[in-house]
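S.K.: Residue numbers (the working numbering): 976 to 1438. Every residue, glycine too, gets a C-beta built ideally from N, C-alpha and C. Given the structure is predicted, the values throughout are model-derived calculations rather than measurements.
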(Lines of atoms letter the chains of each structure in order from A and count residues from 1; the text may use other names and numbers.)
(Lines give C-alpha, C1' and ligand atoms only; values in the text may rest on other atoms or scores of the structure.)
Protein backbone atom coordinates (compact mmCIF):
# COMPACT_ATOMS: atom_id res chain seq x y z
CA UNK A 1 0.00 0.00 0.00
CA UNK A 2 2.88 2.39 0.71
CA UNK A 3 4.06 2.15 -2.89
CA UNK A 4 0.66 2.90 -4.44
CA UNK A 5 0.91 6.73 -4.10
CA UNK A 6 4.38 6.53 -5.63
CA UNK A 7 3.00 4.58 -8.58
CA UNK A 8 0.25 7.15 -9.05
CA UNK A 9 2.76 9.99 -8.95
CA UNK A 10 5.00 8.24 -11.49
CA UNK A 11 2.03 7.60 -13.77
CA UNK A 12 1.04 11.27 -13.47
CA UNK A 13 4.54 12.38 -14.45
CA UNK A 14 4.55 10.07 -17.47
CA UNK A 15 1.13 11.30 -18.61
CA UNK A 16 1.99 14.97 -18.17
CA UNK A 17 2.63 16.67 -21.53
CA UNK A 18 6.28 17.45 -22.24
CA UNK A 19 5.72 20.35 -24.63
CA UNK A 20 4.59 23.86 -23.75
CA UNK A 21 1.83 23.53 -26.31
CA UNK A 22 0.49 20.39 -24.63
CA UNK A 23 0.74 21.86 -21.14
CA UNK A 24 -1.08 25.06 -22.07
CA UNK A 25 -3.75 23.02 -23.83
CA UNK A 26 -4.15 20.83 -20.76
CA UNK A 27 -4.41 23.90 -18.49
CA UNK A 28 -7.05 25.44 -20.76
CA UNK A 29 -8.96 22.15 -20.88
CA UNK A 30 -8.85 21.77 -17.08
CA UNK A 31 -10.00 25.36 -16.53
CA UNK A 32 -12.81 25.01 -19.05
CA UNK A 33 -13.87 21.69 -17.49
CA UNK A 34 -14.05 23.26 -14.03
CA UNK A 35 -16.11 26.18 -15.33
CA UNK A 36 -18.44 23.88 -17.27
CA UNK A 37 -18.99 21.62 -14.25
CA UNK A 38 -19.94 24.62 -12.10
CA UNK A 39 -22.25 26.01 -14.78
CA UNK A 40 -23.85 22.59 -15.38
CA UNK A 41 -24.53 22.03 -11.67
CA UNK A 42 -25.99 25.51 -11.24
CA UNK A 43 -28.09 25.23 -14.42
CA UNK A 44 -29.55 21.84 -13.58
CA UNK A 45 -30.24 22.86 -9.99
CA UNK A 46 -32.15 25.92 -11.18
CA UNK A 47 -34.04 23.82 -13.75
CA UNK A 48 -35.10 21.24 -11.16
CA UNK A 49 -36.25 23.95 -8.76
CA UNK A 50 -38.18 25.63 -11.55
CA UNK A 51 -39.87 22.36 -12.55
CA UNK A 52 -40.82 21.73 -8.91
CA UNK A 53 -42.32 25.23 -8.67
CA UNK A 54 -44.33 24.53 -11.82
CA UNK A 55 -45.60 21.23 -10.35
CA UNK A 56 -46.55 22.96 -7.08
CA UNK A 57 -48.33 25.71 -9.03
CA UNK A 58 -50.33 23.16 -10.98
CA UNK A 59 -51.24 21.28 -7.79
CA UNK A 60 -52.45 24.48 -6.09
CA UNK A 61 -54.48 25.41 -9.17
CA UNK A 62 -56.20 22.04 -9.09
CA UNK A 63 -56.70 22.36 -5.31
CA UNK A 64 -58.30 25.76 -5.80
CA UNK A 65 -60.66 24.31 -8.44
CA UNK A 66 -61.66 21.47 -6.11
CA UNK A 67 -62.06 23.87 -3.15
CA UNK A 68 -64.80 25.66 -5.12
CA UNK A 69 -66.92 22.48 -4.90
CA UNK A 70 -66.65 22.21 -1.11
CA UNK A 71 -69.54 23.80 0.86
CA UNK A 72 -68.27 24.91 4.26
CA UNK A 73 -71.20 27.23 5.07
CA UNK A 74 -73.29 24.44 6.58
CA UNK A 75 -72.52 21.72 9.02
CA UNK A 76 -71.57 19.09 8.20
CA UNK A 77 -69.26 20.04 5.34
CA UNK A 78 -70.34 18.54 2.06
CA UNK A 79 -68.98 18.29 -1.48
CA UNK A 80 -71.13 19.66 -4.26
CA UNK A 81 -71.51 17.67 -7.42
CA UNK A 82 -70.33 19.26 -10.70
CA UNK A 83 -70.46 18.15 -14.35
CA UNK A 84 -66.69 17.46 -14.45
CA UNK A 85 -66.61 15.89 -11.02
CA UNK A 86 -64.68 12.86 -12.26
CA UNK A 87 -61.85 15.00 -13.59
CA UNK A 88 -61.68 17.05 -10.39
CA UNK A 89 -61.61 13.95 -8.16
CA UNK A 90 -58.49 12.52 -9.84
CA UNK A 91 -55.69 12.33 -7.23
CA UNK A 92 -57.65 14.57 -4.83
CA UNK A 93 -58.39 14.09 -1.11
CA UNK A 94 -60.93 16.23 0.78
CA UNK A 95 -60.82 16.33 4.58
CA UNK A 96 -63.23 17.95 7.03
CA UNK A 97 -61.06 18.05 10.11
CA UNK A 98 -59.84 14.47 10.39
CA UNK A 99 -62.82 13.05 8.51
CA UNK A 100 -62.06 11.95 4.96
CA UNK A 101 -64.81 13.11 2.66
CA UNK A 102 -63.43 11.96 -0.69
CA UNK A 103 -60.41 10.14 -1.99
CA UNK A 104 -59.25 8.71 -5.34
CA UNK A 105 -60.54 5.29 -6.23
CA UNK A 106 -56.98 4.07 -6.72
CA UNK A 107 -55.97 5.16 -3.20
CA UNK A 108 -58.18 3.66 -0.44
CA UNK A 109 -57.90 4.79 3.13
CA UNK A 110 -55.06 2.41 3.99
CA UNK A 111 -52.93 3.32 1.01
CA UNK A 112 -49.50 4.94 1.77
CA UNK A 113 -50.35 7.93 -0.42
CA UNK A 114 -53.64 8.45 1.44
CA UNK A 115 -51.82 8.27 4.77
CA UNK A 116 -49.35 10.87 3.51
CA UNK A 117 -52.27 13.08 2.42
CA UNK A 118 -53.88 12.72 5.85
CA UNK A 119 -50.69 13.73 7.58
CA UNK A 120 -50.34 16.76 5.30
CA UNK A 121 -54.00 17.78 5.91
CA UNK A 122 -53.60 17.48 9.68
CA UNK A 123 -51.30 20.52 9.70
CA UNK A 124 -54.11 22.69 8.42
CA UNK A 125 -51.88 25.08 6.45
CA UNK A 126 -50.83 25.32 2.80
CA UNK A 127 -47.73 23.17 2.37
CA UNK A 128 -46.25 20.59 -0.01
CA UNK A 129 -44.27 17.43 0.44
CA UNK A 130 -42.86 14.61 -1.69
CA UNK A 131 -42.84 10.87 -1.22
CA UNK A 132 -41.84 7.75 -3.11
CA UNK A 133 -44.47 5.14 -3.82
CA UNK A 134 -43.18 3.31 -6.81
CA UNK A 135 -42.67 6.71 -8.48
CA UNK A 136 -41.86 10.09 -7.06
CA UNK A 137 -45.13 11.79 -6.02
CA UNK A 138 -45.67 15.42 -5.04
CA UNK A 139 -48.56 16.38 -2.68
CA UNK A 140 -49.84 19.86 -1.80
CA UNK A 141 -52.50 20.89 0.79
CA UNK A 142 -54.88 23.86 0.44
CA UNK A 143 -57.16 24.98 3.39
CA UNK A 144 -60.83 25.69 2.56
CA UNK A 145 -63.25 27.89 4.55
CA UNK A 146 -62.63 29.79 7.74
CA UNK A 147 -60.31 28.78 10.50
CA UNK A 148 -61.95 27.74 13.76
CA UNK A 149 -60.03 28.54 16.94
CA UNK A 150 -58.30 25.42 18.25
CA UNK A 151 -59.60 23.22 15.47
CA UNK A 152 -57.95 24.56 12.32
CA UNK A 153 -59.58 25.12 8.94
CA UNK A 154 -63.04 23.84 8.15
CA UNK A 155 -61.77 21.62 5.30
CA UNK A 156 -58.49 20.81 3.52
CA UNK A 157 -58.02 19.77 -0.10
CA UNK A 158 -54.93 17.66 -0.87
CA UNK A 159 -53.84 17.14 -4.49
CA UNK A 160 -51.13 14.76 -5.77
CA UNK A 161 -49.09 14.54 -8.95
CA UNK A 162 -46.67 12.05 -10.42
CA UNK A 163 -43.32 13.80 -10.95
CA UNK A 164 -42.08 11.33 -13.56
CA UNK A 165 -42.63 13.71 -16.54
CA UNK A 166 -40.81 16.52 -14.74
CA UNK A 167 -37.97 14.24 -13.75
CA UNK A 168 -37.73 13.00 -17.33
CA UNK A 169 -37.48 16.58 -18.53
CA UNK A 170 -34.80 17.36 -15.93
CA UNK A 171 -32.83 14.22 -16.87
CA UNK A 172 -33.07 15.09 -20.56
CA UNK A 173 -31.72 18.58 -19.85
CA UNK A 174 -28.91 17.08 -17.76
CA UNK A 175 -27.89 14.72 -20.58
CA UNK A 176 -28.10 17.55 -23.10
CA UNK A 177 -25.95 19.81 -20.92
CA UNK A 178 -23.35 17.06 -20.44
CA UNK A 179 -23.23 16.49 -24.19
CA UNK A 180 -22.83 20.23 -24.70
CA UNK A 181 -20.04 20.29 -22.10
CA UNK A 182 -18.20 17.49 -23.91
CA UNK A 183 -18.49 19.32 -27.22
CA UNK A 184 -17.33 22.61 -25.73
CA UNK A 185 -14.34 20.94 -24.02
CA UNK A 186 -13.32 19.16 -27.22
CA UNK A 187 -13.51 22.42 -29.18
CA UNK A 188 -11.62 24.23 -26.42
CA UNK A 189 -8.77 21.71 -26.50
CA UNK A 190 -8.49 21.72 -30.29
CA UNK A 191 -8.70 25.51 -30.61
CA UNK A 192 -6.22 26.02 -27.77
CA UNK A 193 -3.69 23.71 -29.41
CA UNK A 194 -4.11 25.51 -32.72
CA UNK A 195 -3.85 28.96 -31.12
CA UNK A 196 -0.84 28.05 -28.96
CA UNK A 197 0.86 26.38 -31.92
CA UNK A 198 0.36 29.50 -34.00
CA UNK A 199 1.55 31.74 -31.16
CA UNK A 200 4.69 29.61 -30.64
CA UNK A 201 5.57 29.54 -34.33
CA UNK A 202 7.85 32.63 -34.00
CA UNK A 203 9.57 31.00 -31.01
CA UNK A 204 10.26 27.89 -33.08
CA UNK A 205 11.63 30.07 -35.89
CA UNK A 206 13.85 31.95 -33.40
CA UNK A 207 15.13 28.64 -32.02
CA UNK A 208 16.06 27.41 -35.48
CA UNK A 209 17.77 30.72 -36.27
CA UNK A 210 19.78 30.64 -33.04
CA UNK A 211 20.85 27.05 -33.77
CA UNK A 212 22.06 27.98 -37.26
CA UNK A 213 23.84 31.09 -36.02
CA UNK A 214 25.62 29.17 -33.25
CA UNK A 215 26.96 26.63 -35.78
CA UNK A 216 28.40 29.19 -38.20
CA UNK A 217 29.20 31.92 -35.60
CA UNK A 218 27.06 34.37 -37.54
CA UNK A 219 26.92 38.10 -36.82
CA UNK A 220 23.16 38.13 -37.44
CA UNK A 221 20.83 39.05 -34.62
CA UNK A 222 17.10 38.89 -34.00
CA UNK A 223 16.61 42.64 -33.75
CA UNK A 224 13.15 44.16 -33.32
CA UNK A 225 11.23 42.46 -36.12
CA UNK A 226 7.47 42.16 -36.47
CA UNK A 227 6.83 40.14 -33.32
CA UNK A 228 4.70 40.49 -30.18
CA UNK A 229 6.15 42.59 -27.39
CA UNK A 230 7.08 39.53 -25.30
CA UNK A 231 8.98 37.92 -28.18
CA UNK A 232 10.65 41.23 -29.02
CA UNK A 233 11.97 41.39 -25.46
CA UNK A 234 13.06 37.76 -25.70
CA UNK A 235 14.86 38.54 -28.96
CA UNK A 236 16.65 41.49 -27.36
CA UNK A 237 17.75 39.32 -24.43
CA UNK A 238 18.99 36.61 -26.81
CA UNK A 239 20.86 39.24 -28.84
CA UNK A 240 22.62 40.43 -25.68
CA UNK A 241 23.44 36.83 -24.77
CA UNK A 242 24.84 36.13 -28.26
CA UNK A 243 26.91 39.32 -28.06
CA UNK A 244 28.33 38.31 -24.70
CA UNK A 245 29.12 34.81 -25.97
CA UNK A 246 30.81 36.24 -29.04
CA UNK A 247 32.79 38.64 -26.85
CA UNK A 248 33.91 35.73 -24.65
CA UNK A 249 34.96 33.76 -27.71
CA UNK A 250 36.88 36.74 -29.06
CA UNK A 251 38.52 37.20 -25.68
CA UNK A 252 39.57 33.54 -25.59
CA UNK A 253 40.93 33.74 -29.12
CA UNK A 254 42.79 36.93 -28.27
CA UNK A 255 44.18 35.33 -25.12
CA UNK A 256 45.42 32.35 -27.13
CA UNK A 257 47.09 34.61 -29.70
CA UNK A 258 48.67 36.74 -26.98
CA UNK A 259 50.05 33.70 -25.19
CA UNK A 260 51.49 32.31 -28.40
CA UNK A 261 52.95 35.72 -29.22
CA UNK A 262 54.54 36.20 -25.80
CA UNK A 263 55.84 32.64 -25.54
CA UNK A 264 57.51 32.80 -28.94
CA UNK A 265 60.68 34.58 -27.76
CA UNK A 266 61.41 32.33 -24.73
CA UNK A 267 60.71 29.27 -26.84
CA UNK A 268 63.07 30.57 -29.54
CA UNK A 269 65.76 31.04 -26.90
CA UNK A 270 65.32 27.47 -25.69
CA UNK A 271 65.45 26.15 -29.25
CA UNK A 272 68.56 28.22 -30.07
CA UNK A 273 70.38 27.06 -26.93
CA UNK A 274 69.59 23.43 -27.68
CA UNK A 275 70.72 23.77 -31.31
CA UNK A 276 73.91 25.52 -30.25
CA UNK A 277 74.57 22.89 -27.58
CA UNK A 278 74.13 20.02 -30.08
CA UNK A 279 76.43 21.47 -32.77
CA UNK A 280 79.64 20.36 -31.00
CA UNK A 281 80.77 19.00 -27.63
CA UNK A 282 80.70 21.56 -24.87
CA UNK A 283 82.62 21.98 -21.69
CA UNK A 284 81.04 21.55 -18.31
CA UNK A 285 80.87 25.32 -17.82
CA UNK A 286 79.25 25.87 -21.22
CA UNK A 287 76.73 23.11 -20.53
CA UNK A 288 75.84 24.71 -17.22
CA UNK A 289 75.43 28.06 -18.92
CA UNK A 290 73.13 26.44 -21.49
CA UNK A 291 71.07 24.82 -18.72
CA UNK A 292 70.84 28.12 -16.87
CA UNK A 293 69.69 29.93 -20.04
CA UNK A 294 67.07 27.25 -20.74
CA UNK A 295 65.88 27.36 -17.12
CA UNK A 296 65.64 31.15 -17.30
CA UNK A 297 63.62 30.94 -20.52
CA UNK A 298 61.31 28.33 -18.98
CA UNK A 299 60.82 30.55 -15.92
CA UNK A 300 60.04 33.46 -18.22
CA UNK A 301 57.44 31.32 -20.05
CA UNK A 302 55.80 30.39 -16.76
CA UNK A 303 55.75 34.03 -15.66
CA UNK A 304 54.22 35.05 -18.98
CA UNK A 305 51.47 32.43 -18.66
CA UNK A 306 50.66 33.37 -15.08
CA UNK A 307 50.62 37.10 -15.82
CA UNK A 308 48.44 36.90 -18.92
CA UNK A 309 46.04 34.36 -17.39
CA UNK A 310 45.71 36.33 -14.16
CA UNK A 311 44.94 39.46 -16.15
CA UNK A 312 42.29 37.56 -18.13
CA UNK A 313 40.30 36.89 -14.97
CA UNK A 314 37.18 38.97 -14.53
CA UNK A 315 38.33 40.50 -11.27
CA UNK A 316 41.74 41.62 -12.51
CA UNK A 317 40.84 45.31 -12.76
CA UNK A 318 43.40 46.37 -10.18
CA UNK A 319 46.65 44.57 -9.61
CA UNK A 320 48.23 45.00 -6.14
CA UNK A 321 51.98 44.95 -5.65
CA UNK A 322 55.10 47.04 -6.25
CA UNK A 323 58.43 46.52 -7.96
CA UNK A 324 61.85 48.15 -8.39
CA UNK A 325 61.32 49.64 -11.84
CA UNK A 326 65.01 50.02 -12.82
CA UNK A 327 66.03 46.55 -11.62
CA UNK A 328 63.18 44.89 -13.53
CA UNK A 329 63.79 46.84 -16.74
CA UNK A 330 67.58 46.29 -16.66
CA UNK A 331 67.01 42.57 -16.17
CA UNK A 332 64.58 42.59 -19.09
CA UNK A 333 67.06 44.47 -21.31
CA UNK A 334 69.75 41.93 -20.48
CA UNK A 335 67.58 39.05 -21.66
CA UNK A 336 66.62 40.73 -24.92
CA UNK A 337 69.15 40.40 -27.71
CA UNK A 338 69.75 43.48 -29.86
CA UNK A 339 70.08 42.42 -33.52
CA UNK A 340 73.19 43.45 -35.51
CA UNK A 341 74.77 46.73 -34.47
CA UNK A 342 71.71 47.97 -32.58
CA UNK A 343 72.42 49.13 -29.05
CA UNK A 344 69.96 49.10 -26.16
CA UNK A 345 70.42 51.51 -23.28
CA UNK A 346 68.44 51.82 -20.03
CA UNK A 347 68.57 55.05 -18.04
CA UNK A 348 66.78 56.50 -15.04
CA UNK A 349 67.04 56.95 -11.27
CA UNK A 350 67.54 53.77 -9.25
CA UNK A 351 65.00 54.80 -6.60
CA UNK A 352 61.88 54.52 -8.74
CA UNK A 353 59.20 52.12 -7.47
CA UNK A 354 56.31 51.15 -9.77
CA UNK A 355 52.91 50.27 -8.32
CA UNK A 356 52.69 46.98 -10.25
CA UNK A 357 54.30 43.56 -9.69
CA UNK A 358 57.61 42.88 -11.39
CA UNK A 359 56.15 40.19 -13.67
CA UNK A 360 53.41 42.52 -14.90
CA UNK A 361 55.83 45.42 -15.46
CA UNK A 362 58.02 43.11 -17.51
CA UNK A 363 55.06 41.90 -19.61
CA UNK A 364 53.98 45.49 -20.30
CA UNK A 365 57.37 46.76 -21.45
CA UNK A 366 58.65 43.58 -23.17
CA UNK A 367 56.43 43.83 -26.30
CA UNK A 368 57.37 47.51 -26.73
CA UNK A 369 61.11 46.80 -26.41
CA UNK A 370 60.86 43.81 -28.72
CA UNK A 371 59.00 45.93 -31.28
CA UNK A 372 61.61 48.72 -31.00
CA UNK A 373 64.56 46.32 -31.42
CA UNK A 374 62.87 44.78 -34.46
CA UNK A 375 62.53 48.11 -36.32
CA UNK A 376 65.45 50.19 -34.99
CA UNK A 377 68.43 50.99 -37.25
CA UNK A 378 71.18 51.56 -34.69
CA UNK A 379 69.84 52.34 -31.24
CA UNK A 380 67.00 51.82 -28.77
CA UNK A 381 66.69 53.79 -25.54
CA UNK A 382 64.58 52.95 -22.50
CA UNK A 383 64.28 56.08 -20.37
CA UNK A 384 62.56 55.87 -16.99
CA UNK A 385 61.49 58.99 -15.12
CA UNK A 386 59.27 59.92 -12.19
CA UNK A 387 55.94 61.68 -12.61
CA UNK A 388 53.74 63.47 -10.08
CA UNK A 389 51.37 60.50 -9.84
CA UNK A 390 53.49 57.58 -11.01
CA UNK A 391 56.33 56.30 -13.16
CA UNK A 392 56.92 56.94 -16.86
CA UNK A 393 58.96 54.68 -19.15
CA UNK A 394 59.68 55.89 -22.70
CA UNK A 395 60.87 53.45 -25.36
CA UNK A 396 62.55 55.32 -28.23
CA UNK A 397 64.09 53.94 -31.42
CA UNK A 398 65.56 55.47 -34.60
CA UNK A 399 63.66 53.26 -37.02
CA UNK A 400 61.32 54.32 -39.85
CA UNK A 401 58.52 55.19 -37.43
CA UNK A 402 54.80 54.48 -37.65
CA UNK A 403 53.07 55.52 -40.91
CA UNK A 404 50.61 58.33 -40.31
CA UNK A 405 47.81 56.37 -41.98
CA UNK A 406 48.36 53.46 -39.58
CA UNK A 407 48.40 55.44 -36.33
CA UNK A 408 44.69 54.94 -35.70
CA UNK A 409 45.08 51.13 -35.99
CA UNK A 410 48.27 50.84 -33.95
CA UNK A 411 46.70 49.17 -30.90
CA UNK A 412 44.15 47.02 -32.73
CA UNK A 413 44.84 43.26 -32.35
CA UNK A 414 46.17 41.55 -35.48
CA UNK A 415 46.95 44.78 -37.38
CA UNK A 416 50.43 45.45 -38.77
CA UNK A 417 51.66 48.47 -40.71
CA UNK A 418 53.54 46.32 -43.25
CA UNK A 419 52.81 42.56 -43.06
CA UNK A 420 55.49 41.96 -45.72
CA UNK A 421 58.35 43.65 -43.85
CA UNK A 422 60.05 40.33 -43.11
CA UNK A 423 59.52 40.48 -39.33
CA UNK A 424 57.68 37.62 -37.66
CA UNK A 425 55.24 39.69 -35.66
CA UNK A 426 51.52 38.96 -35.34
CA UNK A 427 50.26 42.43 -34.41
CA UNK A 428 49.43 41.43 -30.83
CA UNK A 429 52.28 42.84 -28.75
CA UNK A 430 51.14 46.48 -28.60
CA UNK A 431 47.47 45.65 -27.83
CA UNK A 432 48.61 43.28 -25.07
CA UNK A 433 50.91 45.90 -23.55
CA UNK A 434 48.13 48.47 -23.46
CA UNK A 435 45.58 46.01 -22.03
CA UNK A 436 47.95 44.90 -19.25
CA UNK A 437 48.83 48.51 -18.42
CA UNK A 438 45.17 49.49 -18.19
CA UNK A 439 44.47 46.53 -15.92
CA UNK A 440 46.91 48.16 -13.48
CA UNK A 441 45.37 51.66 -13.88
CA UNK A 442 48.14 52.64 -16.29
CA UNK A 443 48.35 53.45 -19.99
CA UNK A 444 50.47 52.89 -23.09
CA UNK A 445 50.49 55.67 -25.71
CA UNK A 446 52.26 56.46 -28.94
CA UNK A 447 53.90 59.87 -29.48
CA UNK A 448 53.06 60.82 -33.08
CA UNK A 449 55.13 64.00 -32.88
CA UNK A 450 58.45 62.23 -32.26
CA UNK A 451 60.74 62.12 -35.33
CA UNK A 452 62.74 60.41 -36.56
CA UNK A 453 61.82 56.96 -35.29
CA UNK A 454 59.16 55.89 -32.83
CA UNK A 455 58.43 56.76 -29.22
CA UNK A 456 56.06 54.80 -26.95
CA UNK A 457 55.26 55.98 -23.40
CA UNK A 458 54.24 53.66 -20.56
CA UNK A 459 52.54 55.39 -17.61
CA UNK A 460 52.11 53.38 -14.40
CA UNK A 461 51.02 54.26 -10.87
CA UNK A 462 53.70 54.85 -8.25
CA UNK A 463 54.46 52.23 -5.64
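(1) For residue 1419 and residue 1207, I'd like the C-alpha separation in whole angstroms.
(2) Just the C-alpha distance for residue 1436 and residue 1302, rounded to the nearest angstrom, thanks.
(3) Going by C-alpha distance, which of 1346, 1033, 1038, 1103 is nearest residue 1314?
(4) Please report how far the alpha carbon of residue 1103 lies from the alpha carbon of residue 1118, in whole angstroms.
(5) Identify the residues that DSSP records as bridge partners of residue 1432: which are they?
(6) With a CB to CB cut of under 6 Å and the five nearest residues on each side skipped, what residues in its chain are close to residue 1131?
(7) Ignoring anything shorter than 4 residues or poking outside the segment 1021 to 1099, list the alpha helix (DSSP H) runs there in chain order.
(8) Based on the DSSP output, what are the partners of residue 1245 in its beta bridges?
(9) Where does residue 1133 land, buried or exposed, given buried means 16+ other C-beta within 10 angstroms?
(10) When we look at the beta-carbon of residue 1128 and count the other beta-carbons within 10 Å, is it buried (16 or more) or exposed?
(11) Between which two residues does the beta strand (DSSP E) carrying residue 1320 extend?
(12) In terms of residue numbering, what span does the alpha helix (DSSP H) encompassing residue 1303 cover?
(13) Within the continuous beta strand (DSSP E) that includes residue 1104, where are the two ends?
(14) From the DSSP output, in three-state form, read off residue 1178 for me.
(15) Do residue 1357 and residue 1385 have their beta-carbon atoms positioned less than 8 Å apart in this structure?
(16) Among residues of its own chain, excluding the 5 on either side of residue 1160, which ones have a beta-carbon nearer than 7 Å to its beta-carbon?
(17) Suppose the cutoff is 7 Å on Cβ atoms and the five residues either side in sequence are ignored; what does the same chain contact list for residue 1001 look like?
(18) Which residues does DSSP pair with residue 1362 in a beta bridge?
(19) Closer than 8 Å by C-beta to residue 1033: which residues in its own chain qualify, once you throw out the five before and the five after it? Chain order, please.
(20) Just to confirm my understanding: we take residue 1371, look at its own chain, exclude 5 residues before and 5 after, and list those with CB closer than 6 Å. What are they?
(21) Would you identify the three-state DSSP class for residue 1250, choosing helix, strand or coil?
(22) Report the residue from 1211, 1344, 1363 whose alpha carbon sits nearest the alpha carbon of residue 1321.
(23) Please confirm if the segment 1047 to 1055 is in contact with the segment 1018 to 1035, defined as three or more CB-CB distances below 8 Å between the two stretches.
(24) Tell me the DSSP bridge mates of residue 1116?
(25) State the Cα-Cα distance for the pair residue 1379 and residue 1412, rounded to the nearest angstrom.
(26) Consult DSSP for residue 1335 and reduce its assignment to one of helix, strand or coil.
M.R.: Reading off the structure:
(1) Put simply, the backbone Cα of residue 1419 is about 42 Å away from that of residue 1207.
(2) Looking at the two C-alpha atoms, the distance is approximately 17 Å.
(3) Comparing Cα positions, the closest option is 1346.
(4) Their backbone Cα atoms lie some 12 Å apart in a straight line.
(5) In DSSP, residue 1432 forms a bridge with 1369, 1420.
(6) The residues are 1070, 1096, 1116, 1118.
(7) As far as the segment 1021 to 1099 is concerned, its whole alpha helix (DSSP H) runs of at least 4 residues are 1060 to 1063, 1087 to 1097.
(8) In the DSSP assignment, residue 1245 is bridged to no other residue.
(9) Burial call: buried.
(10) By the Cβ-count criterion, residue 1128 is buried, with 16 or more other Cβ atoms from all chains shown falling within 10 Å of its own Cβ.
(11) From DSSP, the beta strand (DSSP E) with residue 1320 extends over 1318 to 1322.
(12) Looking at the DSSP string, the run of the alpha helix (DSSP H) that includes residue 1303 is 1300 to 1310.
(13) From DSSP, the beta strand (DSSP E) with residue 1104 extends over 1102 to 1108.
(14) Assigned with DSSP and collapsed to three states, residue 1178 falls in helix.
(15) A distance of 8 Å or more separates the beta carbons of residue 1385 and residue 1357.
(16) Contacts found: 1004, 1007, 1008, 1011.
(17) Same-chain partners within the cutoff: 992.
(18) Bridge pairing for residue 1362: 1365 [DSSP].
(19) 1136.
(20) The residues are 1356, 1430.
(21) Helix.
(22) Among 1211, 1344, 1363, the Cα nearest to that of residue 1321 belongs to 1344.
(23) Touching, no.
(24) Paired residues: 1102, 1133.
(25) Rounded to whole angstroms, residue 1379 to residue 1412 spans 24 Å at the Cα level.
(26) Looking at residue 1335 - three-state DSSP - the assignment turns out to be helix.
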